[in-house]
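Working notes, beginning with the structure itself.
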Amino acid sequence: MTNSIRCEICHDDLKELTVQLRQLHYEQHFEEGELSGIAASPSPTSPSTSTSTSSKIAKPKRWLAKPRKFFKENDVFWYPSQEGRPPPNYTPGIDPPPLFLVQVFDTDAPRSHTASKETVFIQHEAWDMTWGCGYRNFLMACACLMVHPFQPMYFPLLDDPVPPSVRNLQGWIEDAWDKGFDTEGKAQLKHLVGTRKWIGTADLWVAFSSRGIPAELVDFTDASNVQMVIDWIVNYFSPPESAGQGSRNAFQALVSTNPVTVTDKPPIILQHAGHSRSIVGYEVNRQGEVNLLAFDSGTCLPKEIREMALSLHKSASDDNDKENNKRKMNLEVSSPNPKRQRSCKFEDDEVVIVGSTVQGDDDEIIYTGSNSPLKKAEGSKSGLSGPSKSNTPGGKTFDYKGIVRHFRLGSKKLGKNKQYQILYFPMTEPLSDSEIRSRKVVTSTKIC
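If you're matching positions, the sequence shown starts at 1 in full-length UniProt numbering and goes up one per residue.
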């Protein structure tokens with residue numbers, strides 16, 4: 001891994017530039033050197049830029065006056081239950097659990113809660129690198145929702161008549177506008193299909209709502225104390241508090257729990273001026289400091305992380321296939337009229353807590369709402385080769401501690417923005433026709 005941040009077109013080092021200036025640098029490549037400014041999503045705020053900073057932006061090469069010609073759009077969508085190898089910018093198998101096994105041994109991060117195991121990291125490609133974060137976060141959410149065991153009816157709502165993709169999402173939003181959704185957003189964006197316009201969490205709320213998928217927005221309009229944002233995310237990924245415990249901060253909520261808790265929660269989308277990320281969990285170190293765990297589609301996933309993740313995903317898929325075949329045989333023998341089987345790989349909708357002790361440690365990894373993949377490994381060697389390294393099924397050794405650092409998002413970085421908006425999924429029943437009609441105006445819950 002390197003500390004430099006290279007432009008993927010001209011290879012200039014953009015490390016010293018802010019996120020907005022990096023985006024402006026890329027815009028110069030696309031607009032023949034003419035800055036068009038940042039056309040941010042209407043939510044939560046529009047980022048401001050100063051023309052006086054444009055001189056700091058590295059100028060593109062002359063021969064790249066119209067680089068758009070060289071970028072082929074590969075607008076495909078993939079979700080975990082599909083057969084075949086994922087597209088090059090899709091990486092399943094990162095979250096969880098093996099990536100976070102290091103936390104059992106890491107004295108600096110004793111506790112973490114992570115999103116559903118079906119979460120997929122989706123990276124931008126060359127053709128959407130300056131504007132695709134909102135779209136890619138949408139696809140990360142869809143990849144999880146379409147295979148989630150608690151709401152199997154989400155799949156047909158998302159897949160038919162037009163399945164998710166970057167360009168298809170633009171069509172989803174315009175179709176929603178035509179049905180009377182979000183007249184304010186329509187007035188601001190005017191036309192979306194085939195463009196490179198940024199979209200934000202409010203636009204995604206419109207897309208999901210128009211398809212009957214329950215989604216909610218939360219606003220932090222004065223997040224000068226970024227801890228309020230962090231606490232909200234901690235509460236989202238944490239199990240419900242027991243009666244009588246009262247309100248607790250993040251560290252107090254975790255000191256009595258197991259080191260790694262894998263939840264059934266879908267990722268949430270965290271938006272600020274000019275950028276958005278998918279938040280897939282959080283960790284708390286022994287000093288009580290919280291780091292969010294973020295999938296940022298604008299970052300390039302190191303090759304070694306992708307290799308590790310694909311190896312783990314293939315191993316898990318093979319195990320699931322064997323388990324499903326065994327379950328099918330049992331059903332055929334024991335039940336002449338079995339219930340219709342869901343496409344997911346879980347047995348039921350009940351939240352079940354199953355733990356498997358890691359060899360050499362008294363702490364447990366807890367899975368809520370799904371069968372523990374570690375159950376069948378009980379009594380066998382854990383395969384962990386050290387406090388921060390482990391072997392994948394392919395036999396390669398990876399530094400999990402270093403991998404986790406790639407996804408950390410700390411309070412210092414979060415504190416640079418004062419306004420945030422969160423999109424999350426309560427995982428309730430699909431919206432009725434009347435509920436869909438009631439969502440034609442974008443609404444949110446204001447926290448501060």
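C-beta atoms are modelled at their ideal positions from N, C-alpha and C, and glycine is treated no differently.
Since this is a predicted model, take the numbers as computed values, not measurements.
The DSSP-derived three-state label of Glu216 is strand. The beta carbon of Ser276 sits closer than 7 Å to the beta carbons of Cys133, Gly134, Asn137, Gly200, Thr201, Ile269, Leu270 from its chain, once the five residues preceding and following it are set aside; these are given in chain order.
In the structure shown, the three-state DSSP call for Ala176 is helix.
Cβ contact annotation for Leu192 (same chain, cutoff 6 Å, sequence separation greater than five): Gln170, Ile173, Glu174, in chain order. Taking C-beta separations shorter than 7 Å and ignoring five residues to either side along the sequence, the partners of Gly212 in its chain run Leu157, Pro430, Leu431, Ile436, following chain order.
In the DSSP assignment, Val226 falls outside any beta strand (DSSP E), carrying neither H nor E.
The C-beta of Asn74 has fewer than 16 other C-beta atoms within 10 Å across all chains shown, which makes the residue exposed. Shortest Cα-Cα distance from Lys197 to any of Ile233, Ser311, Trp131 involves Trp131. Taken atom to atom, the span from the alpha-carbon of Leu189 to that of Arg167 is near 15 Å. In terms of CA proximity to Pro163, Val76 leads the group Val76, Ile94, Phe237. Around the beta-carbon of Met146, 16 or more other beta-carbon atoms lie within 10 Å, marking it buried.
Residues Asp75, Val76, Phe77, Leu139 of the same chain have their beta carbon placed closer than 8 Å to that of Ser165, with the five preceding and five following residues left out of the count. By the neighbour-count criterion, in which 16 or more other beta carbons inside 10 Å mark a residue as buried, Met153 falls on the exposed side. Counting along the chain, Glu435 sits inside no beta strand (DSSP E); it lies in the alpha helix (DSSP H) bounded by residues 433–437.
If you look at Ala141, you'll find it in the alpha helix (DSSP H) that goes 133–145. Per DSSP, Tyr154 is one residue of the alpha helix (DSSP H) stretching across 154–159. Here Asp128 carries a helix assignment [DSSP, helix/strand/coil]. It is roughly 16 Å from the alpha-carbon of Glu118 to the alpha-carbon of Asn89. With fewer than 16 other Cβ atoms inside 10 Å of its own Cβ, Glu184 counts as exposed. Here the C-alpha atom of Val441 lies approximately 12 Å from the C-alpha atom of Leu217. Considering only Val226, Cys300, Ile305, the residue with the shortest C-alpha distance to Leu292 is Val226. Only exposed fits Gly194, as fewer than 16 other CB atoms lie within 10 angstroms of its CB. Secondary structure of Ile305 (DSSP, three-state): helix. For Val76, the three-state secondary structure derived from DSSP is coil. Listed as beta-bridge partners of Ile403 by DSSP are no residues whatsoever. His406 and Ser311 have their alpha carbons spaced roughly 19 Å apart. Excluding residues up to 5 positions away in sequence, Ala215, Leu217, Leu423, Val442 lie with their Cβ nearer than 7 Å to the Cβ of Trp205 in the same chain. Counting every other CB atom within 10 Å of its CB across the protein chains shown gives Gln151 a total of 16 or more, marking it as buried. Residue range 201–210 is occupied by the alpha helix (DSSP H) that includes Leu204. Beta-carbon to beta-carbon, Pro87 and Val120 are separated by about 10 Å, too far to satisfy the 8 Å threshold. A Cβ-Cβ distance of about 6 Å is found for the pair Ser116 and Pro266, placing them in contact under the 8 Å criterion. As DSSP reads the structure, Leu292 sits in a beta bridge with Tyr282, Leu409.
Listed as beta-bridge partners of Leu270 by DSSP are Arg277, Ile422. If you compare the alpha carbons of Thr428, Met129, Glu125, Arg286 with that of Gln23, the shortest gap goes to Met129. Our two residues, Ala126 and Lys72, have alpha carbons roughly 8 Å apart in a direct line. Straight-line spacing of the CA atoms in Asn235 and Ala176 works out to 32 Å.
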